[in-house]
């Protein structure tokens, strides 16, 4: 998970910056972007206000960096999941398992990417468009491959991939809204697998 | 379309309020909520600033009313489309045709509901949740009916409906991002029909 993993690249980054990013994910998720203050973030991260301004000129800049790094983490994780399998059905299952794991264990990450900042931070518009585009490709690449291999019928794979991104995001947001989400996560993954395989016309 | 139709209830409402609402849809869509000013709106609506404050205490209140009325209009239109048909396949087609018509001829409406205000206006959080819920029911009600009639297999109809809402919204946003959207709209409706019927396992 971002700002929590033992990933070596992240460990090399400055610990104070990491602590602020980690705190910011939580604070933005809890209070929303507008209500969250720099004071909240430095208090949660246990650093001084001077430390904050050494790294970031303002709250917006921190948010944009946070969004970008969180989006990269999610996309990278889902791509890895897809690349770890060879048939379309197994790729779909791996992507869904990975996405739901992040949603369950790091709900603030999904909250941040799918809900928190949209429309709030002007500098984010291009970043959110780029995130959506990468998320569409997470589905479109395996789908195109499956079409070539005859595992699914010919279709407008771009449009199907857009549909899959929207469907999965919406079902995951629905899952996160449930208090017993950990208990029902396996059922949600099963339903989403069925949805995706049906929607793509998988044989 | 809202603030443009010949619908009698709307006509009875005050013309100046209607003009401001109509102007606001355009201004918010063009500039975004934060950048839009009350001056922009009254200029576009050709009313005085005093008229604005006679109707609304501030920009946020206007936006919340606008969101609510626009959401009601969209939901009502989609429900009417669904109710006008009796088989699931025809209901799906009617909903998709109606949604795409609004998206093509009133892109600002869809922009407002799906993108513009999220996260920006705190008072909107409950309204957006209620809009999503109603949009899910637009799909869930025909789907439950189709399950009872044996037109689709048994499934978690709530979760499928969430998936359909997400899928359709994402494909429509993809359509709106295209400069030749009017020309490709029919193809998008065809692809979405196929997607929805496949995803629900329609026989």
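Protein chains in written order, with our numbering: chain A, 116 to 318; chain B, 116 to 318. Cβ coordinates follow ideal geometry from the N, Cα and C atoms, glycine included.
Would residue i pass as a contact of residue j if the rule is Cβ separation under 8 Å?
i, j, result
"residue 250 of chain A", "residue 190 of chain A", "yes"
"residue 280 of chain A", "residue 318 of chain A", "no"
"residue 261 of chain B", "residue 203 of chain B", "yes"
"residue 185 of chain B", "residue 228 of chain B", "yes"
"residue 258 of chain B", "residue 275 of chain B", "yes"
"residue 270 of chain B", "residue 316 of chain B", "yes"
"residue 167 of chain B", "residue 148 of chain B", "no"
"residue 144 of chain B", "residue 226 of chain B", "yes"
Where does the unbroken alpha helix (DSSP H) through residue i begin, and where does it stop?
i, result
"residue 211 of chain B", "203-220"
"residue 170 of chain A", "164-170"
"residue 174 of chain B", "174-198"
"residue 150 of chain B", "Run containing residue 150 of chain B: none; DSSP gives neither H nor E here."
"residue 257 of chain B", "240-263"
"residue 308 of chain A", "296-314"
"residue 285 of chain B", "272-291"
If we count the other Cβ atoms within 10 Å of its Cβ and call it buried at 16 or more, is residue i buried or exposed?
i, result
"residue 152 of chain B", "exposed"
"residue 169 of chain B", "exposed"
"residue 264 of chain A", "exposed"
"residue 272 of chain A", "buried"
"residue 68 of chain B", "It is not possible to answer for residue 68 of chain B, since the shown part of chain B is limited to 116 through 318."
"residue 278 of chain A", "buried"
"residue 248 of chain B", "exposed"
Sorry if obvious, but does the Cβ on residue i come closer than 7 Å to a heavy atom of the ligand FAD?
i, result
"residue 258 of chain B", "The ligand content of the structure shown is nil, which means the ligand FAD is not present either."
Tell me which same chain residues have a C-beta within less than 6 Å of the C-beta of residue i, skipping the five on either side of it?
i, result
"residue 155 of chain B", "142"
"residue 303 of chain A", "290"
"residue 242 of chain A", "182, 183"
"residue 127 of chain A", "Per-residue confidence for residue 127 of chain A stands at a pLDDT of 46, beneath the threshold of 50, marking its modelled position as unreliable; no derived number is given."
"residue 164 of chain A", "157"
"residue 215 of chain A", "300, 304"
"residue 206 of chain A", "197, 200, 257"
"residue 223 of chain B", "140, 141, 144"
"residue 236 of chain A", "175, 178"
"residue 171 of chain A", "177"
"residue 173 of chain B", "none"
Here's a check: name, in chain order, each residue in its chain whose Cβ is nearer than 8 Å to the Cβ of residue i, leaving out the five neighbours to either side.
i, result
"residue 199 of chain A", "209"
"residue 282 of chain B", "307, 310, 311, 314"
"residue 212 of chain A", "196, 304"
"residue 146 of chain A", "155"
"residue 120 of chain A", "In this prediction, residue 120 of chain A has a pLDDT of 48, which is less than 50 and means its spatial position is unreliable; what the coordinates show is noted afterwards. The answer is none, since no qualifying residue turns up."
"residue 252 of chain A", "276"
"residue 194 of chain A", "253"
Keeping to the same chain, check which residues put their C-beta closer than 7 Å to that of residue i; ignore five residues upstream and five downstream.
i, result
"residue 284 of chain A", "229"
"residue 238 of chain B", "175, 179"
"residue 246 of chain A", "186, 228"
Three CB pairs or more closer than 8 Å across the stretch 129-137 of chain A and the stretch 149-168 of chain A: Two segments are said to touch when three or more pairs of C-beta atoms, one from each, lie closer than 8 Å; by this definition the stretch 129-137 of chain A touches the stretch 149-168 of chain A.
The stretch 203-219 of chain A in contact with the stretch 297-306 of chain A per 3-pair CB rule at 8 Å: yes
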